[in-house]
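With this note's numbering applied, the sequence shown covers 170 to 750.
Virtual Cβ for every residue (Gly too), placed ideally from N, Cα, C.
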Amino acid sequence: MKKTVRALLNKRILKASEGEASRYTGGDCLDCDYVIVTENGKVSKIYDVYKSGNLKKFRIIGDFVLVKEEDVIDLESYSGETFVAINGKGEIVGVVSIKEIISFMNEYIKNLRNELDMVKTDLEAFMACSDDLACITDGSGSKVRISSSCEKIYGVKPESLIGKNVKDLEKNGMYFPSATRMVIEEKKPVTITQKTKTGRKLLVMATPVFDENGNIKRVVSISKDITDEEKLKAELNHTKELLQKYERELVALRAANTARSQIIYRSKAMEKLMETVNKIAMVESTVLIYGETGVGKEVLAKYIHSVSDRSEGPFVKINCGAIPETLLEAELFGYEKGAFTGARSEGKPGLFEVADGGTMLLDEISELPMSLQVKLLRVLQEKEFIRVGGIKTIKVDVRIIAASNKDLKELVKEGKFRQDLYYRLNVVPITIPPLRERTEDIPILAHHFLNKYNEKYGRSKQLTNEVIEAFLRYSWPGNVRELEHVIERLVVISEDNLITKKELPSELLNGESTYNAEGVYVAEIMPLKKASALVEYQLIKRAMEIGGSTYKAAEMLGVDQSTIIRKLKKYEALLDDGDMM
Ligand SMILES: Nc1ncnc2c1ncn2[C@@H]1O[C@H](COP(=O)(O)OP(=O)(O)OP(=O)(O)O)[C@@H](O)[C@H]1O
Ligand SMILES: [Mg+2]
Numbered sequence: 170m171k172k173t174v175r176a177l178l179n180k181r182i183l184k185a186s187e188g189e190a191s192r193y194t195g196g197d198c199l200d201c202d203y204v205i206v207t208e209n210g211k212v213s214k215i216y217d218v219y220k221s222g223n224l225k226k227f228r229i230i231g232d233f234v235l236v237k238e239e240d241v242i243d244l245e246s247y248s249g250e251t252f253v254a255i256n257g258k259g260e261i262v263g264v265v266s267i268k269e270i271i272s273f274m275n276e277y278i279k280n281l282r283n284e285l286d287m288v289k290t291d292l293e294a295f296m297a298c299s300d301d302l303a304c305i306t307d308g309s310g311s312k313v314r315i316s317s318s319c320e321k322i323y324g325v326k327p328e329s330l331i332g333k334n335v336k337d338l339e340k341n342g343m344y345f346p347s348a349t350r351m352v353i354e355e356k357k358p359v360t361i362t363q364k365t366k367t368g369r370k371l372l373v374m375a376t377p378v379f380d381e382n383g384n385i386k387r388v389v390s391i392s393k394d395i396t397d398e399e400k401l402k403a404e405l406n407h408t409k410e411l412l413q414k415y416e417r418e419l420v421a422l423r424a425a426n427t428a429r430s431q432i433i434y435r436s437k438a439m440e441k442l443m444e445t446v447n448k449i450a451m452v453e454s455t456v457l458i459y460g461e462t463g464v465g466k467e468v469l470a471k472y473i474h475s476v477s478d479r480s481e482g483p484f485v486k487i488n489c490g491a492i493p494e495t496l497l498e499a500e501l502f503g504y505e506k507g508a509f510t511g512a513r514s515e516g517k518p519g520l521f522e523v524a525d526g527g528t529m530l531l532d533e534i535s536e537l538p539m540s541l542q543v544k545l546l547r548v549l550q551e552k553e554f555i556r557v558g559g560i561k562t563i564k565v566d567v568r569i570i571a572a573s574n575k576d577l578k579e580l581v582k583e584g585k586f587r588q589d590l591y592y593r594l595n596v597v598p599i600t601i602p603p604l605r606e607r608t609e610d611i612p613i614l615a616h617h618f619l620n621k622y623n624e625k626y627g628r629s630k631q632l633t634n635e636v637i638e639a640f641l642r643y644s645w646p647g648n649v650r651e652l653e654h655v656i657e658r659l660v661v662i663s664e665d666n667l668i669t670k671k672e673l674p675s676e677l678l679n680g681e682s683t684y685n686a687e688g689v690y691v692a693e694i695m696p697l698k699k700a701s702a703l704v705e706y707q708l709i710k711r712a713m714e715i716g717g718s719t720y721k722a723a724e725m726l727g728v729d730q731s732t733i734i735r736k737l738k739k740y741e742a743l744l745d746d747g748d749m750m
């Protein structure tokens, strides 16, 4: 440390001649610390005035050096000499002796100590103020300072770690790995996650502090306890899984509610069929339900589910013919994240997962593409599958009910359906007869639907016998669904409470269905274009009524579903404009 003479200067001096100085007593020198004796304008001697008890005493300082006020003294190489300072005019202005140096140093040390105390207090406050663990080691990794949160994190008092080396603590298993050890080895900051003996997980950031020679003199580390954050993350994941499960259960619950539907019948044929159904419902076997459109394949499947041991589980239905092949696979088996463009980023469980513990109705099974037939076979045989884009095998416990209005055996012969799958499905085949083959069911079904729609629309309509008779004569190509639609329409549009024959649609009166009828009855002459448009429109509407969907209507009319949608739109627009009539 260097200081100017001026900064250390003691100006309490008395200048005197030799003669004067020899006569001085303590009383003459109360206000001075040095007597400077000059002879012929030159300093010849210096007396150091000091106190001994109550007395002021003098002591000759032999050697002295004349310096200028602005000269600099290097305190590190100071060796006890006395400086007499002169100003620019050559006048003596003061003295710097060992006394000044010592008092300066004392003051300096006092200030340093104060500052150090302050820094220490600040550092301790800083280290104690957070839950994070702060630790300082020396260059060899021995702990110099460690914050009080150490007790909570490592389970030991901070004092017990002071002086211990991180390498030993790491070896003893107090924590692993040691970030400080890594900093010392790599000579650069590191950030790691660390496990402690107490079972906590820490995020540790450790930084080296170098001396001027580039050696590490300190390593400072801050450790953040992330055990709870990890737990939170795990909890979040668990919650997400639960959410998915509830989502599935909700779908299942919705389905189960609708599964309570009753089967209405009186015919011998249905009675026999129901006997078999009640038996097989109780066992786990796969069921294959055949029958024309609208005979009640789906209601029967729901019934089987609702009386089986799986009734508390989900009932899930999918129409294999209504969904394009690629979507069908994802729908049935689910997909992993990123399985295909447009896929939900977190992936999605398939219906087989949704149906776990319950029953799955595969409607229109004949439409299941070959590639998916293999996958379905595996579900039936091994009760497992893999999601689209996935690798994990998923185990499920699902009872399969398949429905078809096409003869699967024929399709097998034509090579359109896998034989092995056919045999797997065909364990218990059940064929629901068309309504025209079990006319005893017509009156009871008619009354069932009448009650249903009276209630729905707040009416109290009654069917006359003649109406029932017409029903009995009719061929019901759309089966029970068609009967239901006819009754709903009658309840809504009939004027009187008593529904009579005259309110019946013409095909019912003729005892024939337009669906089956070969000809078209023409009542008046009209432009050919308008006539064919009308016929087309009526045909589509009728097919929609019977089939219940554009998909079914398309099948009945032997066209694409898109054609049905396009034509319906066209005619409805024409109707709106009044151009059709
Ligand atoms: N025995 C029955 N008792 C009561 N309602 C019935 C009965 N059979 C069919 N239904 C009713 O008829 C309608 C058609 O039945 P369902 O959907 O089960 O037919 P489906 O055979 O699956 O027809 P599709 O082959 O067109 O899918 C439904 O509204 C259903 O409630
Ligand atoms: Mg169906």
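Collapsed DSSP secondary structure at residue i in the structure displayed
i, result
"ASN634", "helix"
"VAL464", "coil"
"PRO598", "strand"
"ASN666", "coil"
"TYR706", "helix"
"THR683", "Low local confidence applies: a pLDDT of 45 at THR683 is under 50, so the model's placement there is unreliable, with the coordinate-based value given in what follows. Coil."
"ASP532", "strand"
"LYS739", "helix"
"TYR643", "coil"
"MET374", "strand"
"ARG628", "coil"
"VAL756", "Residue numbering for the chain in the displayed model covers 170 to 750; residue 756 lies beyond these limits and cannot be assessed."
"ASN623", "helix"
"ASP525", "coil"
"ASP337", "helix"
"LYS326", "coil"
"ARG282", "helix"
"MET695", "coil"
"ASN275", "helix"
"MET750", "Per-residue confidence for MET750 stands at a pLDDT of 47, beneath the threshold of 50, marking its modelled position as unreliable; the derived number appears in the next sentence. Looking at MET750 - three-state DSSP - the assignment turns out to be coil, as it is neither helix nor strand."
DSSP beta-bridge partners of residue i
i, result
"VAL206", "ALA185, LYS214"
"LYS312", "THR306"
"GLY263", "ALA254"
"SER573", "TYR459"
"LYS517", "TYR504"
"THR562", "ILE555"
"ASN179", "VAL264"
"TYR344", "THR365"
"TYR219", "LYS226"
"ASP243", "LYS171"
"ARG711", "None, per the DSSP bridge assignment."
"VAL388", "THR306, PRO377"
"GLU488", "A small fix is needed here, since residue 488 is Asn in this sequence, not Glu. Partner(s): ASP532."
"ASP394", "LEU371"
"VAL236", "ALA254"
"GLN568", "Note on residue identity: the sequence assigns Arg, not Gln, to residue 568. BP columns for ARG568 point to THR528."
Any non-hydrogen atom of ligand 2 within 7 Å of residue i CB
i, result
"LYS466", "yes"
"ASP589", "no"
"ALA572", "yes"
Heavy atom of ligand 1 within 7 Å of residue i beta-carbon
i, result
"LEU614", "yes"
"LYS364", "no"
"ARG650", "yes"
"GLU440", "no"
"GLU653", "yes"
"TYR434", "yes"
"LYS437", "no"
"GLY460", "yes"
"HIS617", "yes"
"ASP729", "no"
"ASP532", "yes"
CB contact check: residue i to chain B, cutoff 8 Å
i, result
"VAL452", "Within the model displayed, chain B is absent; a lone protein chain is all it includes."
Can at least three beta-carbon pairs, one atom from the segment 581 to 591 and one from the segment 466 to 479, be found at a separation below 8 Å? Touching, no, given that fewer than three Cβ pairs across the two stretches are closer than 8 Å.
Alpha helix (DSSP H) runs wholly inside the segment 346 to 372, at least 4 long, in chain order: With a minimum length of 4 residues, the continuous alpha helix (DSSP H) runs that stay inside the segment 346 to 372 are 348 to 355.
Measuring CB atoms only, is the segment 639 to 648 touching the segment 597 to 609, in the sense that at least three cross pairs come out at less than 8 Å? These segments touch.
Can we say the segment 261 to 277 touches the segment 352 to 365, given the rule of at least three CB pairs closer than 8 Å? When Cβ pairs closer than 8 Å are counted between the two stretches, the segment 261 to 277 is seen not to touch the segment 352 to 365, the count staying below three.
Counting pairs of Cβ atoms below 8 Å between the segment 171 to 189 and the segment 227 to 243, do you hit three or more? As far as the Cβ criterion goes, the segment 171 to 189 touches the segment 227 to 243, which means the pair count is three or higher.
At least 3 beta-carbon pairs within less than 8 Å: the segment 568 to 587 vs the segment 519 to 539: Contact between the segment 568 to 587 and the segment 519 to 539 is present: 3 or more CB-CB pairs across the two stretches fall below 8 Å.
Inter-stretch contact at 8 Å, needing at least 3 Cβ pairs: the segment 695 to 715 / the segment 734 to 744: Flag = yes, the segment 695 to 715 and the segment 734 to 744 touch.
Looking at C-beta atoms only, is the number of pairs between the segment 330 to 345 and the segment 286 to 296 that lie closer than 8 Å three or more? Put simply, the segment 330 to 345 does not touch the segment 286 to 296. Fewer than three CB pairs are less than 8 Å apart.
Cβ pair count under 8 Å reaching 3, the segment 492 to 501 against the segment 623 to 640: With the cut-off at 8 Å, the segment 492 to 501 and the segment 623 to 640 do not touch.
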